[in-house]
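Chain order of the listed sequences is R and A. Adding 112 to a residue's 1-based position in the first sequence gives its number in our numbering. Adding 85 to a residue's 1-based position in the second sequence gives its number in our numbering. From the three backbone atoms N, C-alpha and C, an ideal C-beta is built for every residue, glycine too. To start, the structure under review is shown below, and the notes come after it.
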Amino acid sequence: MATHNEQEREHHEHEHHEHHVHGPGYATPQAAIEESTPEAVAYVVGLYTGSDIEAPDFIGVVDVDPDSDMYQEIIDRVEMPNRGDELHHFGWNACSSSCHVEGLERQYLVVPGNRSGRLHILDTKDRRHPEIETVIEPEEVHEYDLSGPHTVHCIPDGEILISMTGNADGESPSGFLELNDDFEIEGRWDPPGEIDFNYDFWYQPRHNVMVSSEWAAPVTYQPGFDMEDVEAGKYGRRLHIWNWSEGTVEQTIDLGEEGLIPLETRFLHTPESVHGYVNAALSSNIFHFFEEDDQYHAEKVIDFESREHEDWDMPVPALPTDILISMDDRYLFGSNWVHGEVWMYDISDPSNPRKVDSISIGGYYGDIRDVQGRELVAGPQMLQLSLDGERLYWTTSLYSTWDDQFFPEEKEHGSVMLKADVDPRKGTLELDEDFLVDFGNLPDGPARAHEIRWPDGDCTSDVWQ
Amino acid sequence: MATRHDLTLTWRDGREETVPASENETVLEAAESAGIGLPFGCRTGACATCVGRLIDGAILYDRPPRALKTRHIEAGYVLCCIARPRTDCRIEVGADVQTDLVSNPWK
């Protein structure tokens with residue numbers, strides 16, 4: 113007799129089969145919540161770049177099905193063909209924005225190496241054992257005068273757009289690279305010279321708009337964080353509002369001193385919405401951006417105060433390095449990497465986020481310093497939420513060179529992946545102390561863990577038309 | 086045939102290896118040819134993952150070491166991915182060297 117979980121999986125496959133008549137993903141964000149089954153595996157970046165361990169970076173397949181015998185284990189590691197990539201953010205070839213494209217499947221992961229510039233395509237047809245399908249070498253990317261691939265989003269017609277943080281020399285200006293549905297470089301998506309700095313982006317096709325944010329050029333951020341570079345204006349503080357169909361910048365918003373290093377760009381999931389958020393990591397603020405009177409505006413809505421630390425000369429900033437929005441658009445979650453906090457705000461009124469809960473964990477100030485006896489040597493960083501909004505997971509590495517500055521012990525001990533149970537009805541977060549995935553105990557040595565993705569759609573990648 | 090030099094690589098844990106390097110090879114390539122893995126990233130001089138510190142000898146770049154600031158170059162840091170030896174060299178290598186480039190600004 114099939115177990116409850118197997119029945120659920122069969123039910124899910126049946127639904128998926130029906131859905132393929134139309135295309136990948138779900139018809140609406142609410143359909144994603146209703147029709148999805150709980151996540152069974154997570155794809156997680158594992159890094160050896162920047163260490164003395166002579167092994168390539170990998171995508172770890174983590175079993176997150178509580179009914180599985182392999183629960184919380186890294187059941188497979190897809191090793192990259194080369195060392196030195198610094199795998200960072202990655203994305204799908206197709207998401208719910210291509211829901212109308214018959215024959216297209218959410219099957220391929222596009223996994224860029226941020227340092228190398230190399231683009232890997234993984235076939236996830238076997239969800240538990242993905243394989244490398246093809247690799248685009250850095251020299252092919254440099255031909256378009258781009259380097260430092262960052263965020264991957266699919267375009268609704270099956271093509272793929274990648275934000276690039278630098279030109280071929282790793283300097284400014286930067287831009288966007290487009291791949292076709294055969295994973296070949298189509299060319300530049302934007303006219304060169306529209307933006308100096310680049311990082312993350314999100315598009316809302318119903319409003320013909322895309323918003324992009326700014327980290328810095330690779331030559332600036334890759335060697336490590338240097339305050340001199342901030343003072344010299346080498347770090348970003350602007351948002352760019354693009355005409356999505358034309359690929360041109362319509363408006364640039366300078367967030368000022370309170371908006372230094374705007375990173376993750378998240379629109380609300382409903383395709384009707386013209387509201388979103390961005391985390392200004394260095395200024396430790398969250399900005400709300402929104403359209404009003406045919407213009408985009410950005411207002412600071414959350415301000416995390418710096419804290420004194422007895423061992424540090426200056427008040428220590430929170431460094432909110434990741435944010436995400438629940439699929440029902442009700443909650444904004446984030447991580448204050450340096451302070452060591454995972455937080456949850458109610459955003460039912462997008463202009464007035466209301467703090468509902470947080471967990472003080474790891475980092476420099478966390479109340480919880482270990483899980484199951486495993487010492488936490490860094491703060492919470494990349495987040496991923498289950499589609500039903502009830503399980504929040506996170507890893508602890510930001511970027512190899514930046515980890516070494518702020519949490520040097522992570523190189524020696526590796527990262528952990530942790531989880532909290534979320535009650536969306538009551539607005540609460542509770543650490544699941546039974547959950548721990550330790551990237552410190554791997555055959556090649558301790559690895560850093562970064563971004564997390566689900567096979568069937570994410571709160572940080574799915575877009576609707 | 087290209088001139089060859091001896092490249093002595095030293096790690097902070099006391100390990101030391103001497104490998105031959107032609108003037109056409111970068112320090113990283115010479116180490117790789119000898120079966121020694123050094124840290125690296127972009128291989129174009131932009132990211133500083135491969136940074137080492139030249140203790141003795143002379144190197145030549147065929148493109149600018151863009152990831153290094155003037156203060157780093159003056160302190161003897163070199164990018165192994167684009168540095169080609171011009172004399173016998175002694176270079177401190179390993180991931181720990183990279184961590185010297187920048188410090189925690191609040192500490």
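* Asked: Is the CB of P150 (chain A) under 7 Å away from at least one CB in chain R?
  -> no
* Secondary structure at L113 (chain A), three-state DSSP: helix, strand or coil? -> Note: L113 (chain A) maps to helix in three-state DSSP.
* Measuring only between beta-carbons, confirm whether G126 (chain A) sits less than 7 Å from chain R. => Among the CB atoms of chain R, one or more fall inside 7 Å of the CB of G126 (chain A).
* **Opening and closing residue of the alpha helix (DSSP H) in which Y333 (chain R) lies** => P330 to Y333
* Contacts of E249 (chain R) in chain A (Cβ-Cβ under 7 Å) -> What E249 (chain R) touches in chain A: nothing, since even the nearest Cβ is about 11 Å away.
* Asked: Closer than 9 Å, Cβ to any Cβ of chain A: which residues of the stretch 210–228 of chain R, in chain order?
  -> From the stretch 210–228 of chain R, only G225, N226, R227 and S228 have a Cβ closer than 9 Å to chain A.
* **Partner residues on chain A for F518 (chain R), Cβ-Cβ distance less than 7 Å** => N189
* Asked: So with Cβ pairs under 7 Å, would you call P424 (chain R) a contact of chain A?
  -> The sequence as given places Trp at residue 424 (chain R); Pro does not occur at that position. Yes, its Cβ sits closer than 7 Å to a Cβ of chain A.
* Beta-carbon neighbours of C165 (chain A), restricted to chain R and to distances below 8 Å -> Near C165 (chain A) there are no residues of chain R at all, since even the closest Cβ is about 12 Å away, more than 8 Å.
* **beta strand (DSSP E) segment containing M276 (chain R), residue limits** => I272 to G278
* Asked: Nearest-angstrom Cα distance between P285 (chain R) and G539 (chain R)?
  -> 42 Å
* If you draw a straight line from the alpha carbon of L234 (chain R) to that of P136 (chain R), how long is it in whole angstroms? -> 17 Å
* Completely contained beta strand (DSSP E) runs for the stretch 455–534 of chain R, where each covers 3 or more residues -> 466–472, 495–497 and 503–506
* To do: For I564 (chain R), count neighbouring Cβ atoms within 10 angstroms of its own Cβ and tell me buried if that reaches 16, exposed if not.
  => buried
* Asked: Taking DSSP as the reference, what is the three-state secondary structure of D341 (chain R)?
  -> helix
* To do: Decide if T508 (chain R) is buried, meaning its Cβ has at least 16 other Cβ atoms within 10 Å, or exposed.
  => buried
* Residue from A:T155, A:R151 and A:R128 whose Cα sits closest to the Cα of G225 (chain R) -> Comparing Cα-Cα distances from G225 (chain R) to each of A:T155, A:R151 and A:R128, the minimum goes to A:R128.
* Taking just the CA atoms, how far does M529 (chain R) sit from P304 (chain R)? -> 39 Å
* Comparing alpha-carbon positions, which option in R:T263, R:P558, R:Q184 and R:E524 lies nearest V323 (chain R)? -> R:T263
* Report the neighbours of D281 (chain R) on chain A: residues whose CB is nearer than 8 Å to its CB, in chain order. => T129, A131 and R151
* **Proximity to F288 (chain R) [Cα-Cα], best of R:R486, R:H352, R:S180 and R:M494** => R:H352
* **When R:A430, R:T513 and R:G270 are compared against Y476 (chain R), the one with the closest alpha-carbon** => It is R:A430.
* Asked: If we count the other Cβ atoms within 10 Å of its Cβ and call it buried at 16 or more, is T246 (chain R) buried or exposed?
  -> exposed
* Asked: When the cut-off is 7 Å and only beta carbons count, does Q66 (chain R) lie next to chain A?
  -> Nothing can be reported for residue 66 (chain R): it is not among the residues displayed for chain R, which extend from 113 to 577.
* Are the C-beta atoms of L113 (chain A) and some chain R residue less than 7 Å apart? -> no
* Contacting residues, own chain, Cβ-Cβ under 7 Å from P268 (chain R) (five flanking each side not counted) -> S209, S210, P317 and Q577
* Grab me the residues of A87 (chain A)'s own chain with a C-beta within less than 7 Å of its C-beta, minus the 5 sequence neighbours each way, in chain order. => S107, E108 and N109
* **Whole-angstrom distance between R97 (chain A) and C162 (chain A), CA atom to CA atom** => It should be pointed out that residue 162 (chain A) corresponds to Tyr in this sequence rather than to Cys. So the alpha carbons of these two residues sit roughly 15 Å apart.
* To do: Take every Cβ of the stretch 517–526 of chain R, pair it with every Cβ of the stretch 481–489 of chain R, and state whether three or more of those distances are shorter than 8 Å.
  => yes
* Asked: Leaving out the 5 sequence neighbours to the left and right, which residues in its chain are closer than 8 Å to V133 (chain R) when beta-carbon positions are compared?
  -> Because V133 (chain R) carries a pLDDT of 49, less than 50, the predicted location of this residue cannot be relied on, and the following value inherits that uncertainty. E214, listed in sequence order.
* For T332 (chain R), which of R:N320, R:G345, R:Q407 and R:S325 has the nearest alpha-carbon? -> R:G345
* Asked: Taking one C-beta from the stretch 145–161 of chain A and one from the stretch 291–302 of chain R each time, how about it: are there three or more such pairs within less than 8 Å?
  -> no
* To do: Please compile the residues from chain A whose C-beta is within a distance smaller than 9 Å of the C-beta of E522 (chain R).
  => Those within 9 Å of E522 (chain R) in chain A number zero; the least Cβ separation is about 12 Å.
* In the structure shown, what three-state DSSP assignment does E283 (chain R) receive? -> coil
* Do V468 (chain R) and the ligand NAP come close, with the Cβ less than 6 Å from some heavy atom? -> The ligand content of the structure shown is nil, which means the ligand NAP is not present either.
* To do: Indicate the three-state DSSP secondary structure (helix, strand or coil) for I267 (chain R) in the structure shown.
  => coil
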